[in-house]
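Visitor: Each residue of the sequence shown is one higher than the last, beginning at 1 in UniProt numbering.
One structure, as structure tokens, below. Some questions next.
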Amino acid sequence: MTQTPSSPPEPTLKRTPLHAAHLRAGARMVPFGGWDMPVQYAGLKAEHDAVRTSAGVFDVSHMGEFRVTGPGALAFLQGVTTNDVSKLRPGRAHYNWLPGEAGGLIDDIYIYMVAEGEYLLVVNAGNIDKDWAHLERHAAGHDVTLSNESEKWALLAVQGPKTAELLQPFSDTDLAAKKKNAYFAARLFGFDVMLARTGYTGEDGFEVFVDASEAETLWDKLLAIGITPAGLGARDTLRLEAGFPLYGHEFSDTIHPLSSSYSWVVKDKEHLGRAHITAAPPQRLIGLKLERVPVREGYPVYADGGVQVGTITSGSSSPTLGHPIAMALIDAAHAGADTFEVEVRGKRHPAVRVGLPFYRGA
1 MTQTPSSPPE PTLKRTPLHA AHLRAGARMV PFGGWDMPVQ YAGLKAEHDA
51 VRTSAGVFDV SHMGEFRVTG PGALAFLQGV TTNDVSKLRP GRAHYNWLPG
101 EAGGLIDDIY IYMVAEGEYL LVVNAGNIDK DWAHLERHAA GHDVTLSNES
151 EKWALLAVQG PKTAELLQPF SDTDLAAKKK NAYFAARLFG FDVMLARTGY
201 TGEDGFEVFV DASEAETLWD KLLAIGITPA GLGARDTLRL EAGFPLYGHE
251 FSDTIHPLSS SYSWVVKDKE HLGRAHITAA PPQRLIGLKL ERVPVREGYP
301 VYADGGVQVG TITSGSSSPT LGHPIAMALI DAAHAGADTF EVEVRGKRHP
351 AVRVGLPFYR GA
């Protein structure tokens with residue numbers, strides 16, 4: 001009797017400390033980068049609108065956290081990133097890049113300065129192992145200690161114009177007085193947390209670093225005061241409207257990062273991969289508006305005359321604007337054109353080039 005080879009077992013999905021809370025809230029869970037994550041609760045549009053008009057909370061505990069400490073911490077980070085880490089002061093944060101040695105990005109990250117000689121790096125979930133190996137390799141010769149604290153922290157992103165107002169009665173800190181990119185210790189619902197006035201939605205808000213063991217109770221308290229739980233679906237439409245690139249879509253180890261409009265992240269300093277990153281990018285990242293048909297990553301983009309000149313990197317119907325939007329990487333020679341066509345299931349649909357971001361918060 002011939003036996004059919006059994007299929008390899010499916011890899012076990014990792015769970016954040018809030019997994020049980022998501023199930024209680026009625027979340028639809030999906031695999032995402034090796035994690036079992038909520039894609040939506042009540043529905044994408046309701047969650048999206050809550051963040052645009054009031055406040056929503058996202059579980060981003062799958063992100064990675066690395067601590068860099070020691071007398072050589074600043075010199076080390078200056079050499080492996082493109083932004084100027086020397087401009088940070090304790091209690092401040094900024095957006096930064098880990099450039100590859102031969103082009104592209106290892107990752108795009110946030111750096112939080114905790115104290116002199118101490119920094120916290122937040123990295124993308126799917127890049128934790130890659131980033132850690134990269135940083136460990138280049139730390140050789142520097143007087144630094146690297147600690148992977150990804151299992152220690154839960155990270156909640158509370159986003160929306162009413163965030164500070166809703167959280168203030170339950171905090172010991174004047175939240176309204178904190179400027180964008182502030183990073184500070186606070187009490188929230190009686191828990192010791194770190195708060196950062198950062199986000200990925202185009203709205204005001206705070207990211208909450210809390211001990212993983214306390215995350216579920218804190219999440220429940222946020223929902224109890226009327227903050228809406230929001231999933232990956234709303235997170236993607238919100239960041240797309242805000243024109244924020246996503247690693248694996250607009251950024252990667254093969255995409256020139258200056259295809260985007262983020263040249264301000266590259267400062268005039270010596271750093272890893274500088275020769276490659278300062279070369280002229282062969283493509284440009286542009287925004288596209290369509291009338292009716294939503295487009296998705298990978299759809300081909302054509303110029304007048306029928307020549308393929310690029311590819312959609314992210315696309316969706318915009319809940320705020322009421323029509324489909326997309327970002328696309330376009331050959332530099334054609335990126336200044338006003339009109340394009342996007343092919344969807346064998347049929348081409350007109351698209352108009354528009355500036356990024358598609359939506360700008362108040």
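Note that CB positions come from ideal geometry on N, CA and C, so glycine has one too.
(1) Under 6 Å Cβ to Cβ from Gly103, same chain only, skipping five residues before and after it: list those, please.
(2) Using CA atoms only, rank isn't needed, just tell me which of Asp192, Phe191 and Phe206 is closest to Thr198.
(3) Keeping to the same chain, check which residues put their C-beta closer than 8 Å to that of Glu47; ignore five residues upstream and five downstream.
(4) As a quick exercise: from Gly287, Ala182 and Glu116, pick the residue whose alpha carbon is nearest that of Val144.
(5) Using three-state DSSP, classify Phe189 as helix, strand or coil.
(6) Exposed or buried, which one is Leu120 when buried takes at least 16 other CB atoms within 10 Å?
(7) Along the chain, where does the beta strand (DSSP E) containing His94 start, and where does it finish?
(8) Closest to Arg89 by C-alpha separation, out of Glu101, Val123 and Leu74, would be which residue?
(9) Just checking, does the stretch 62-73 make contact with the stretch 247-256 on the three C-beta pairs under 8 Å criterion?
(10) When you compare the stretch 161-168 with the stretch 200-220, are there three or more beta-carbon pairs, one atom per stretch, that lie closer than 8 Å?
(11) Taking only three categories from DSSP, how would you classify His349?
(12) Less than 9 Å between the beta carbons of Ala212 and Ala280, yes or no?
(13) Note down, in chain order, each residue of its chain lying with its Cβ closer than 6 Å to the Cβ of residue 364, except the 5 sequence neighbours on either side.
(14) Going by C-alpha to C-alpha distance, which of Ile106, Lys267, Val293 and Arg52 sits closest to Ala242?
(15) For the pair the stretch 348-360 and the stretch 320-334, tell me if three or more CB-CB distances fall below 8 Å.
(16) Quick check: what's the CA-CA separation for His94 versus Lys347?
(17) Excluding five sequence neighbours on each side, which residues of the same chain lie with their C-beta closer than 7 Å to the C-beta of Leu146?
(18) For the beta strand (DSSP E) containing Val158, list its first residue and its last residue.
(19) Could you name the residues of the same chain whose beta carbon sits closer than 8 Å to that of Gln283, not counting the 5 residues immediately before and after it, in chain order?
(20) Which residues share a DSSP beta bridge with Asp129?
(21) DSSP puts Gln78 in a beta bridge; with which residues?
(22) Which of the three DSSP states is assigned to Ser54 in this structure?
(23) Out of Ala182, Gln159 and Glu101, state which residue places its alpha-carbon closest to the alpha-carbon of Gly226.
(24) Just to confirm, are Val123 and Leu272 a CB contact at a threshold of 9 Å?
(25) Tell me which residues share the same chain as Asp59 and place their Cβ nearer than 6 Å to its Cβ, disregarding the 5 neighbours each side in the sequence.
(26) Return the Cβ separation of Lys269 and Gln78 in integer angstroms, given the expectation that the two are a contact with Cβ distance under 8 Å.
(27) So, for Leu240: in the same chain, excluding its five sequence neighbours on each side, which residues have a beta-carbon less than 6 Å away from its beta-carbon?
(28) Quick check: what's the CA-CA separation for Lys45 versus Ser54?
(29) Alpha carbons only, please: which of Arg28, Gly34, Phe189 and Val342 is nearest the one belonging to Gly43?
(30) Under a CB-based cut-off of 9 Å, is Trp264 close to chain B?
(31) Hey, could you find the ends of the alpha helix (DSSP H) Lys221 is sitting in?
(32) Within the same chain, show all residues whose beta-carbon is closer than 7 Å to that of Met37, passing over the 5 residues directly before and after it, in chain order.
Guide: Taking the geometry as given:
(1) Counting only residues of its own chain and dropping the five nearest sequence neighbours on each side, Gly103 has a CB closer than 6 Å to the CB of His276.
(2) Answer by Cα proximity: Phe206.
(3) Answer for Glu47: Gln40, Tyr41, Gly56, Thr228, Pro229, Ala230, Gly231, Gly233 and Ala234, listed in chain order.
(4) Nearest C-alpha to Val144: Glu116.
(5) Secondary structure of Phe189 (DSSP, three-state): coil.
(6) Under this definition Leu120 is a buried residue.
(7) DSSP places His94 in the uninterrupted beta strand (DSSP E) bounded by Arg92 to Pro99.
(8) Ranking the options by Cα distance to Arg89, first place goes to Leu74.
(9) The stretch 62-73 vs the stretch 247-256: no contact.
(10) Contact between the stretch 161-168 and the stretch 200-220 is present, because at least three Cβ pairs lie under 8 Å.
(11) Collapsing the DSSP output to three states places His349 in a strand.
(12) No, they are not a contact pair.
(13) There is no way to answer for residue 364, as the model of the chain reaches only from 1 to 362.
(14) Ranking Ile106, Lys267, Val293 and Arg52 by Cα distance to Ala242 puts Arg52 first.
(15) These segments touch.
(16) His94 and Lys347 have their alpha carbons spaced roughly 43 Å apart.
(17) Here the set comprises Phe66, Val68, Leu135, Glu136 and Ala139.
(18) For Val158, the enclosing beta strand (DSSP E) stretches over residues Trp153 to Gln159.
(19) Hits under 8 Å: Ile255, His256, Ser259, Gly310, Leu329, Ile330, Asp331, Ala332 and Ala335.
(20) Under the DSSP definition of a beta bridge, Asp129 lacks any partner.
(21) Under the DSSP definition of a beta bridge, Gln78 lacks any partner.
(22) The DSSP-derived three-state label of Ser54 is coil.
(23) Check the Cα spacing between Gly226 and each of Ala182, Gln159 and Glu101: the tightest is with Gln159.
(24) No, the pair does not count as a contact, with Cβ atoms beyond the cut-off.
(25) Only Thr16 and Leu18 meet the Cβ criterion.
(26) The beta-carbon separation of Lys269 and Gln78, rounded to 6 Å, stays under the 8 Å limit for a contact.
(27) For Leu240, the CB contacts under 6 Å within the same chain, skipping 5 residues up- and downstream, are Ser314 and Ser316 in chain order.
(28) Straight-line Cα distance between these residues: approximately 13 Å.
(29) Per the Cα distances, Arg28.
(30) Given the protein chain composition of this structure (a single chain), no chain B is represented.
(31) For Lys221, the uninterrupted alpha helix (DSSP H) segment begins and ends at Ala215 to Ala224.
(32) The answer, listed in chain order, is Met29, Val30, His62 and Leu232.
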